[in-house]
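To get this note's numbering, take the position in the sequence shown, counting from 1, and add 566.
Just so it is clear, CB atoms sit at the ideal spot from N, CA and C, and this is done for glycine as well.
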Amino acid sequence: MTDYQQIRHTLHQLAEPSGQEIRTHQFILEILKKSCPTHIHTFENSRNILAVYDSGGEGPTLLFRGDFDAVRVEETLPLPYASQTAGVSHKCGHDGHTAILLGLAEELHLHRPTVGRVLLFFQAAEETGEGAAQLLQSGILESYRPDRLFALHNIPGEELGTVVCKTGSFTCSVISCDLLLHGRTSHAAEPQKAVCPYPAARTITDRLLSLNQYDMRRNDFRLITLCEFRVGETAYGVTAGHGVLRFTLRAKEDELLQQTKAELARIVENATRDTAELHSQIIWKEYFAASRNEGTAVAQIQSAAEACGLAYRQLELPFSWGEDFGLLTQHYPGALFGLGSGTSQPSLHNERFDFPDALVPIGIQLFSQLAHQNS
């Protein structure tokens, strides 16, 4: 059996941000080819990879996803396999997710599917919400029409190897926005001649944050977070004439997120209308659809966990973060589940996070069980 601890360490060293996963992409292909897929699909407009293990016979088509982009967090741990990319590191555990999927590839090479086919989706650009859309836009899935999708994400705070899942919304629907306010500068001695965006920016922020419903147990849960508030420049002789506000919006379901987007637009329009010659521009970015877990897929995950001797915990509430896998669940039935990465593990995107090596064989075993119990 291949040393997947070493593979994870190499992936960790290669850490590259979303859309720039050049060396990581090459390394995955190098390892993947050793497991002899029936087909390997690469794409001109993304660094996604889709490997196919085809039995040649009738049967279900399953898709397993593993992401491989890193986040823009500086590596501070003194690891012998520390990230070689300044300001970028695997603090979300995508190195581990990909090592697990490569382990499943080897398992499928050693024990080929006897019916149907298994697709392995190595996803680039998950952190920016682009990779899943790029796969769908390529049209490749229309050729295979997967019957069921599966993906995992490590969960700090849960016991190592504990499987957590639920039917319905598993992760929230999330979108980010840049709000640009354009007024007019003046000499700081004559502020009355400027069109300063600050009053409107303050009003917009206060009204948006007043929409928050923090109780995740409620169906109308939504969370608007102010990420940046900036007006003017570091120029003491100039009255502020321009501003930038950045927000993230999240809700349990896509419908409420769309309503919140519309409310934001109305609040901005009303606030800027009160200030003559102040103009606004809203730029939406990094959309993550809610991950909608289908009941049959969730039952299969629980069955696989029990077959592997792993603890299983049914979640009551979805996670508040977004996951690009959610977009795929809008088109095909499937489920995203969590795999505990340890109660003492730092949180995702924390500079001290490091995917536990002990979780890789557990993930491989679980994915393999899911693949074979469906074939």
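My assumption, with CB atoms under 8 angstroms, is that residue i sits in contact with residue j. Please give the rounded CB distance.
i: Glu660; j: Glu692; result: Position check: residue 660 holds His in this sequence, whereas Glu was assumed. Correct: roughly 7 angstroms between the Cβ atoms.
i: Asp820; j: Gly695; result: The Cβ separation is near 13 angstroms, so there is no contact.
i: Leu674; j: Tyr710; result: Wrong, their Cβ atoms sit about 15 angstroms apart, outside the cutoff.
i: Phe630; j: Leu670; result: 6 angstroms
i: Gly809; j: Ala842; result: With a Cβ gap of about 16 angstroms, Gly809 and Ala842 do not count as contacting.
i: Leu905; j: Leu881; result: Actually they are not in contact, since the Cβ atoms of Leu905 and Leu881 sit about 13 angstroms apart, beyond 8 angstroms.
i: His605; j: Gly632; result: Incorrect: roughly 18 angstroms between the Cβ atoms, too far for contact.
i: Gln935; j: Cys874; result: 6 angstroms
Using DSSP bridges, identify the partner residues of residue i.
i: Tyr878; result: Val729
i: His607; result: Leu616
i: Asn836; result: In the DSSP output, where bridge partners are listed per residue, Asn836 has none listed.
i: Thr805; result: Ser752
i: Gly904; result: His719, Val730
i: Asn859; result: Gly734
i: Val810; result: Leu746, Arg796
So, helix, strand or coil for residue i, using DSSP?
i: Ser621; result: coil
i: Lys657; result: coil
i: Phe891; result: helix
i: Asp772; result: helix
i: Lys759; result: helix
i: Gln779; result: strand
i: Val681; result: coil
i: His591; result: helix
i: Leu643; result: coil
i: Lys818; result: coil
i: Leu674; result: helix
i: Ala652; result: coil
i: Ser704; result: helix
i: Thr540; result: In this structure the chain extends from 567 to 941, so residue 540 is not present and cannot be described.
Measuring CA to CA, which of the options is closest to residue i?
i: Leu844; options: Pro583, His748, Ala652, Leu667; result: His748
i: Phe787; options: Thr737, Gln592, Leu893, Phe687; result: Thr737
i: Thr642; options: Thr651, Ile588, Leu777; result: Thr651
i: Arg901; options: Ala924, Gly861, Ala877; result: Reading off the sequence, residue 901 comes out as Ala, not Arg. Per the Cα distances, Gly861.
i: His607; options: Val797, Tyr878, Phe687; result: Phe687
i: Val618; options: Asp633, Gly682, Thr733, Gln592; result: Gly682
i: Leu823; options: Pro927, Ser886, Lys600; result: Ser886
i: Lys818; options: Thr805, Ala636, Leu715, Gly892; result: Gly892
i: Val637; options: Gln939, Arg714, Gly585; result: Gly585
Under 7 angstroms: does the beta carbon of residue i sit that close to some heavy atom of the ligand ADP?
i: Phe919; result: Summarising the ligand content, the structure contains no ligands, and the ligand ADP is consequently not present.
Practice item. Mind the definition here: the stretch 683-697 touches the stretch 611-618 only if three or more C-beta pairs lie below 8 angstroms; say whether that holds. Key: yes
Check your understanding: Just checking, does the stretch 749-756 make contact with the stretch 867-878 on the three C-beta pairs under 8 angstroms criterion?
Key -> no
Point to revise | Inter-stretch contact (C-beta, 8 angstroms, three-pair minimum) for the stretch 774-792 and the stretch 699-708 | key: no
Practice item. Evaluate contact between the stretch 907-927 and the stretch 770-782, counting only Cβ atoms and requiring at least three cross-stretch pairs below 8 angstroms. Key: no
Point to revise | Validate contact between the stretch 712-725 and the stretch 910-923 using beta carbons, cut 8 angstroms, 3 pairs | key: yes
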